[in-house]
(Lines of atoms letter the chains of each structure in order from A and count residues from 1; the text may use other names and numbers.)
(Lines give C-alpha, C1' and ligand atoms only; values in the text may rest on other atoms or scores of the structure.)
Protein backbone atom coordinates (compact mmCIF):
# COMPACT_ATOMS: atom_id res chain seq x y z
CA UNK A 1 0.00 0.00 0.00
CA UNK A 2 1.43 3.33 -1.12
CA UNK A 3 0.19 5.83 1.49
CA UNK A 4 0.89 8.88 -0.67
CA UNK A 5 -1.05 7.41 -3.58
CA UNK A 6 -3.92 6.41 -1.28
CA UNK A 7 -4.04 9.92 0.17
CA UNK A 8 -4.00 11.38 -3.32
CA UNK A 9 -6.97 9.24 -4.27
CA UNK A 10 -9.06 10.44 -1.30
CA UNK A 11 -7.59 13.98 -1.38
CA UNK A 12 -6.40 13.75 2.22
CA UNK A 13 -3.57 15.48 4.04
CA UNK A 14 -0.72 13.67 5.75
CA UNK A 15 -0.40 14.61 9.42
CA UNK A 16 1.74 13.44 12.31
CA UNK A 17 -0.83 13.60 15.12
CA UNK A 18 -3.09 10.56 15.40
CA UNK A 19 -5.99 12.39 17.03
CA UNK A 20 -9.76 12.61 16.58
CA UNK A 21 -9.53 15.56 14.22
CA UNK A 22 -7.22 13.63 11.89
CA UNK A 23 -9.40 10.51 12.04
CA UNK A 24 -12.44 12.63 11.12
CA UNK A 25 -10.49 14.23 8.26
CA UNK A 26 -9.56 10.84 6.81
CA UNK A 27 -13.07 9.46 7.20
CA UNK A 28 -14.65 12.45 5.49
CA UNK A 29 -12.17 12.35 2.61
CA UNK A 30 -12.70 8.61 2.11
CA UNK A 31 -16.49 8.85 2.10
CA UNK A 32 -16.53 11.79 -0.32
CA UNK A 33 -14.11 10.27 -2.83
CA UNK A 34 -14.66 6.49 -2.86
CA UNK A 35 -18.25 5.56 -3.52
CA UNK A 36 -20.46 2.59 -2.73
CA UNK A 37 -21.15 0.34 -5.74
CA UNK A 38 -22.01 -3.29 -6.47
CA UNK A 39 -21.04 -3.52 -10.15
CA UNK A 40 -18.77 -6.54 -9.68
CA UNK A 41 -21.48 -8.45 -7.81
CA UNK A 42 -24.02 -7.75 -10.55
CA UNK A 43 -21.49 -8.96 -13.13
CA UNK A 44 -20.83 -12.07 -11.00
CA UNK A 45 -17.18 -11.13 -10.55
CA UNK A 46 -15.95 -12.51 -7.22
CA UNK A 47 -14.89 -9.93 -4.64
CA UNK A 48 -11.55 -10.15 -2.88
CA UNK A 49 -10.59 -8.76 0.53
CA UNK A 50 -6.88 -9.25 -0.07
CA UNK A 51 -4.97 -6.04 0.58
CA UNK A 52 -3.35 -5.88 -2.86
CA UNK A 53 -6.64 -6.45 -4.67
CA UNK A 54 -8.47 -3.82 -2.62
CA UNK A 55 -5.71 -1.31 -3.32
CA UNK A 56 -5.78 -2.08 -7.03
CA UNK A 57 -9.55 -1.72 -7.34
CA UNK A 58 -10.21 1.28 -5.10
CA UNK A 59 -7.02 3.30 -5.49
CA UNK A 60 -5.40 2.40 -8.82
CA UNK A 61 -8.56 1.66 -10.83
CA UNK A 62 -10.49 4.45 -9.06
CA UNK A 63 -13.50 2.23 -8.46
CA UNK A 64 -15.84 1.96 -5.49
CA UNK A 65 -17.07 -1.13 -3.68
CA UNK A 66 -19.39 -2.62 -1.08
CA UNK A 67 -18.95 -2.29 2.68
CA UNK A 68 -16.48 -5.18 2.93
CA UNK A 69 -14.18 -3.53 0.42
CA UNK A 70 -14.59 0.10 1.52
CA UNK A 71 -14.36 -0.48 5.27
CA UNK A 72 -11.82 -3.27 4.78
CA UNK A 73 -9.50 -0.98 2.85
CA UNK A 74 -9.97 1.91 5.29
CA UNK A 75 -9.25 -0.44 8.20
CA UNK A 76 -5.94 -1.43 6.56
CA UNK A 77 -5.08 2.23 5.93
CA UNK A 78 -5.78 3.22 9.54
CA UNK A 79 -3.60 0.38 10.83
CA UNK A 80 -0.83 1.29 8.43
CA UNK A 81 -0.57 4.88 9.67
CA UNK A 82 -0.78 3.98 13.36
CA UNK A 83 -4.43 4.07 14.45
CA UNK A 84 -5.96 1.17 16.38
CA UNK A 85 -9.10 -0.02 14.54
CA UNK A 86 -11.04 -3.23 15.18
CA UNK A 87 -13.47 -4.76 12.71
CA UNK A 88 -17.05 -5.60 13.64
CA UNK A 89 -20.05 -7.07 11.84
CA UNK A 90 -23.49 -5.49 11.92
CA UNK A 91 -27.02 -6.44 10.88
CA UNK A 92 -28.77 -3.79 8.80
CA UNK A 93 -32.31 -2.59 9.56
CA UNK A 94 -34.06 -2.39 6.21
CA UNK A 95 -36.54 0.12 4.88
CA UNK A 96 -39.42 -2.36 5.04
CA UNK A 97 -38.97 -2.78 8.80
CA UNK A 98 -37.18 -6.14 8.65
CA UNK A 99 -33.59 -7.07 9.45
CA UNK A 100 -31.19 -7.90 6.63
CA UNK A 101 -28.73 -10.77 6.56
CA UNK A 102 -27.34 -11.48 10.02
CA UNK A 103 -23.94 -9.78 10.36
CA UNK A 104 -24.14 -8.71 6.70
CA UNK A 105 -22.35 -5.39 7.21
CA UNK A 106 -18.71 -4.58 8.06
CA UNK A 107 -17.38 -1.49 9.87
CA UNK A 108 -14.64 -0.46 12.30
CA UNK A 109 -14.38 0.79 15.85
CA UNK A 110 -11.29 2.88 16.63
CA UNK A 111 -9.78 3.20 20.12
CA UNK A 112 -8.59 6.77 20.54
CA UNK A 113 -7.91 9.21 23.37
CA UNK A 114 -9.64 7.19 26.11
CA UNK A 115 -12.76 6.76 23.98
CA UNK A 116 -14.01 4.49 21.22
CA UNK A 117 -15.50 5.62 17.93
CA UNK A 118 -17.60 3.87 15.31
CA UNK A 119 -16.09 4.58 11.90
CA UNK A 120 -18.02 3.56 8.77
CA UNK A 121 -17.08 4.58 5.22
CA UNK A 122 -19.18 1.87 3.55
CA UNK A 123 -22.84 2.44 4.39
CA UNK A 124 -23.81 4.06 1.11
CA UNK A 125 -25.58 7.41 1.23
CA UNK A 126 -26.02 7.16 5.00
CA UNK A 127 -22.30 6.74 5.72
CA UNK A 128 -21.43 9.25 8.45
CA UNK A 129 -18.77 11.76 7.47
CA UNK A 130 -17.31 11.75 10.99
CA UNK A 131 -16.56 9.27 13.80
CA UNK A 132 -19.49 8.45 16.11
CA UNK A 133 -18.49 8.04 19.79
CA UNK A 134 -19.62 4.87 21.54
CA UNK A 135 -20.44 6.82 24.72
CA UNK A 136 -23.81 7.85 23.29
CA UNK A 137 -22.96 11.47 22.54
CA UNK A 138 -24.85 12.75 19.49
CA UNK A 139 -22.73 14.09 16.61
CA UNK A 140 -24.13 16.34 13.90
CA UNK A 141 -23.49 15.67 10.22
CA UNK A 142 -24.60 17.59 7.12
CA UNK A 143 -27.78 15.59 6.49
CA UNK A 144 -28.60 14.38 10.00
CA UNK A 145 -27.18 13.50 13.42
CA UNK A 146 -25.76 10.14 14.51
CA UNK A 147 -25.48 8.34 17.83
CA UNK A 148 -24.76 4.88 19.23
CA UNK A 149 -27.15 3.38 21.78
CA UNK A 150 -26.59 0.33 23.98
CA UNK A 151 -29.21 -2.08 25.29
CA UNK A 152 -28.19 -5.22 27.18
CA UNK A 153 -25.68 -7.02 24.92
CA UNK A 154 -26.68 -5.22 21.73
CA UNK A 155 -25.75 -1.80 20.34
CA UNK A 156 -27.23 0.19 17.47
CA UNK A 157 -26.04 2.95 15.18
CA UNK A 158 -28.85 5.46 14.74
CA UNK A 159 -29.44 8.50 12.54
CA UNK A 160 -31.86 11.35 13.17
CA UNK A 161 -33.93 11.88 10.03
CA UNK A 162 -36.73 14.48 9.96
CA UNK A 163 -36.57 14.74 13.75
CA UNK A 164 -36.85 11.01 14.43
CA UNK A 165 -34.10 8.56 15.36
CA UNK A 166 -33.86 5.65 12.91
CA UNK A 167 -31.85 2.49 13.55
CA UNK A 168 -29.32 1.86 10.76
CA UNK A 169 -27.84 -1.39 12.09
CA UNK A 170 -27.22 -3.41 15.23
CA UNK A 171 -24.01 -5.04 16.47
CA UNK A 172 -22.39 -6.67 19.49
CA UNK A 173 -19.33 -5.10 21.08
CA UNK A 174 -18.50 -8.48 22.58
CA UNK A 175 -17.94 -9.99 19.11
CA UNK A 176 -15.02 -8.26 17.35
CA UNK A 177 -13.67 -9.88 14.20
CA UNK A 178 -10.13 -11.27 14.50
CA UNK A 179 -9.08 -10.14 11.01
CA UNK A 180 -10.30 -8.82 7.68
CA UNK A 181 -9.92 -12.32 6.25
CA UNK A 182 -12.51 -13.60 8.72
CA UNK A 183 -15.12 -11.40 7.00
CA UNK A 184 -14.66 -13.18 3.65
CA UNK A 185 -17.45 -15.78 4.23
CA UNK A 186 -19.98 -13.02 4.94
CA UNK A 187 -18.75 -11.15 1.89
CA UNK A 188 -19.39 -14.25 -0.24
CA UNK A 189 -22.94 -14.46 1.14
CA UNK A 190 -23.51 -10.84 0.15
CA UNK A 191 -22.57 -11.85 -3.38
CA UNK A 192 -24.52 -15.11 -3.56
CA UNK A 193 -27.29 -15.38 -0.95
CA UNK A 194 -30.96 -15.10 -2.02
CA UNK A 195 -31.35 -12.84 1.05
CA UNK A 196 -28.85 -10.33 -0.31
CA UNK A 197 -30.20 -7.17 -1.89
CA UNK A 198 -26.93 -6.42 -3.65
CA UNK A 199 -27.06 -9.29 -6.17
CA UNK A 200 -30.46 -8.27 -7.54
CA UNK A 201 -30.25 -4.66 -8.77
CA UNK A 202 -27.55 -2.09 -9.38
CA UNK A 203 -26.92 -0.08 -6.22
CA UNK A 204 -24.58 2.91 -6.32
CA UNK A 205 -24.40 5.66 -3.73
CA UNK A 206 -22.25 8.76 -3.50
CA UNK A 207 -21.87 11.01 -0.48
CA UNK A 208 -21.39 14.65 -1.47
CA UNK A 209 -20.47 17.82 0.43
CA UNK A 210 -24.08 18.73 1.19
CA UNK A 211 -26.07 15.63 0.30
CA UNK A 212 -25.98 12.33 -1.52
CA UNK A 213 -27.09 10.62 -4.70
CA UNK A 214 -28.22 7.00 -4.94
CA UNK A 215 -29.05 4.80 -7.91
CA UNK A 216 -31.08 1.76 -6.92
CA UNK A 217 -32.23 -0.22 -9.91
CA UNK A 218 -34.05 2.29 -12.12
CA UNK A 219 -34.61 4.79 -9.31
CA UNK A 220 -32.32 7.80 -8.84
CA UNK A 221 -32.54 9.77 -5.57
CA UNK A 222 -30.74 13.09 -5.18
CA UNK A 223 -30.61 14.68 -1.72
CA UNK A 224 -29.10 18.16 -1.49
CA UNK A 225 -29.57 20.76 1.24
CA UNK A 226 -32.52 18.74 2.64
CA UNK A 227 -34.27 18.72 -0.74
CA UNK A 228 -35.10 15.24 -2.07
CA UNK A 229 -35.60 14.62 -5.80
CA UNK A 230 -36.58 11.12 -6.94
CA UNK A 231 -36.55 10.15 -10.61
CA UNK A 232 -37.63 6.88 -12.22
CA UNK A 233 -35.36 6.24 -15.19
CA UNK A 234 -36.19 4.46 -18.41
CA UNK A 235 -33.91 1.54 -19.26
CA UNK A 236 -32.18 3.57 -21.97
CA UNK A 237 -31.52 6.45 -19.54
CA UNK A 238 -29.78 4.52 -16.76
CA UNK A 239 -26.18 4.45 -18.04
CA UNK A 240 -26.00 8.06 -19.23
CA UNK A 241 -27.66 9.41 -16.08
CA UNK A 242 -25.58 7.26 -13.73
CA UNK A 243 -22.31 8.28 -15.37
CA UNK A 244 -23.00 11.91 -14.44
CA UNK A 245 -22.42 10.91 -10.80
CA UNK A 246 -20.50 7.63 -11.16
CA UNK A 247 -18.05 7.92 -14.11
CA UNK A 248 -16.95 4.28 -13.71
CA UNK A 249 -20.50 2.95 -14.25
CA UNK A 250 -20.75 0.46 -17.12
CA UNK A 251 -23.82 -1.74 -17.16
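Numbering (the numbering used here), first residue to last: 226 to 476. Beta carbons: idealized from backbone N, C-alpha and C, even for Gly.
Count the other CB atoms, across all protein chains shown, that sit within 10 Å of the CB of residue i; report buried if there are 16 or more and exposed otherwise.
i, result
"residue 309", "exposed"
"residue 353", "buried"
"residue 260", "buried"
"residue 357", "buried"
"residue 335", "buried"
"residue 264", "buried"
"residue 362", "exposed"
"residue 262", "buried"
"residue 461", "exposed"
"residue 439", "buried"
"residue 315", "buried"
According to DSSP, is residue i helix, strand or coil?
i, result
"residue 427", "coil"
"residue 471", "coil"
"residue 259", "coil"
"residue 276", "helix"
"residue 250", "helix"
"residue 384", "strand"
"residue 350", "helix"
"residue 432", "strand"
"residue 461", "helix"
"residue 355", "coil"
"residue 447", "strand"
Since residue i is in the alpha helix (DSSP H), which residue starts that stretch and which ends it?
i, result
"residue 306", "292-306"
"residue 413", "409-417"
"residue 235", "228-235"
"residue 265", "264-267"
Starting from the Cα of residue i, find the closest Cα among the options and give me that residue.
i, options, result
"residue 301", "327, 274 and 322", "274"
"residue 245", "255, 341, 386 and 257", "341"
"residue 322", "392, 385, 400 and 386", "392"
"residue 376", "359, 363 and 389", "359"
"residue 255", "240, 236 and 269", "236"
"residue 398", "252, 240, 381 and 410", "381"
"residue 305", "258, 229, 270 and 267", "229"
"residue 257", "288, 243, 460 and 227", "288"
"residue 404", "238, 278 and 332", "332"
"residue 183", "412, 241, 232 and 268", "The requested residue 183 does not occur in the structure, where the chain is confined to residues 226 to 476."
"residue 270", "388, 471, 412 and 364", "412"
"residue 470", "324, 432 and 243", "432"
When the distance is taken between beta carbons, is residue j closer than 9 Å to residue i?
i, j, result
"residue 234", "residue 283", "yes"
"residue 421", "residue 326", "yes"
"residue 347", "residue 294", "yes"
"residue 285", "residue 296", "no"
"residue 426", "residue 436", "no"
"residue 329", "residue 344", "no"
"residue 446", "residue 454", "yes"
"residue 452", "residue 444", "no"
Output the boundary residues of the beta strand (DSSP E) element that contains residue i.
i, result
"residue 455", "452-457"
"residue 370", "369-376"
"residue 344", "340-344"
"residue 389", "389-396"
"residue 441", "436-441"
"residue 289", "Careful: residue 289 lies outside any beta strand (DSSP E) and carries neither H nor E."
Looking at chain D, is there any beta carbon in it that lies within less than 9 Å of the beta carbon of residue i?
i, result
"residue 237", "In the displayed structure, chain D is absent; only one protein chain is listed."
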